[in-house]
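The sequence shown begins at 14 in the working numbering and counts up by one.
Yeah, the Cβ is synthetic: ideal placement off N, Cα and C, and Gly gets one too.
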Amino acid sequence: MTGDPIPGIDPTAVPSGDGCAECLAGGGWWLHLRRCAACGHIGCCDSSPGQHATKHARQAGHPFLVSFEPGEDWFWNLDTGAYYEGPPLAPPTAHPTTQPTPGPAGQVPADWQSQLH
């Protein structure tokens with residue numbers, strides 16, 4: 014990587030929270046979390062019932078999502094369908110390790126596996 018700015022990635026944008034903003038607001042749940050690399054919005058992955066990360070990215074025109082899972086470090090470009098290397102982002106880079114996956118605690122139904130996409 015050259016260190017040049019990448020359109021659609023703002024390394025200074027902080028995460029919007031510890032979980033999917035829409036799921037938390039509406040009582041939903043997620044399998045994995047994704048972070049918008051442009052604005053820091055935290056949404057749920059495409060396997061989750063709400064698929065909020067991709068919905069946000071498409072509506073906002075923000076092409077890059079990154080994992081918000083502990084131990085994962087990747088950028089995905091929705092426009093190209095490819096993984097990328099990106100710059101370090103403002104912390105935190107993952108949800109707290111005390112938060113269960115799927116989550117959030119107390120919101121995940123017993124039959125959660127049958128509800129995945």
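task = Express the C-alpha separation of arginine 47 and alanine 70 in angstroms, rounding to a whole number.
result = 10 Å
ask   = To the nearest angstrom, how far is it from the Cα of glycine 53 to the Cα of glutamine 128?
value = 26 Å
request  = Note the first and the last residue of the continuous beta strand (DSSP E) segment covering alanine 73.
outcome  = Element bounds for alanine 73: not the beta strand (DSSP E) but the alpha helix (DSSP H), 65-73.
query = Excluding the five sequence neighbours on either side, which residues of its own chain have a C-beta within less than 8 Å of the C-beta of proline 109, listed in chain order?
reply = Asp31
query = Secondary structure at cysteine 52, three-state DSSP: helix, strand or coil?
reply = coil
query = Leaving out five residues before and five after proline 117 in sequence, what residues of the same chain have Cβ atoms less than 6 Å from its Cβ?
reply = Gly32
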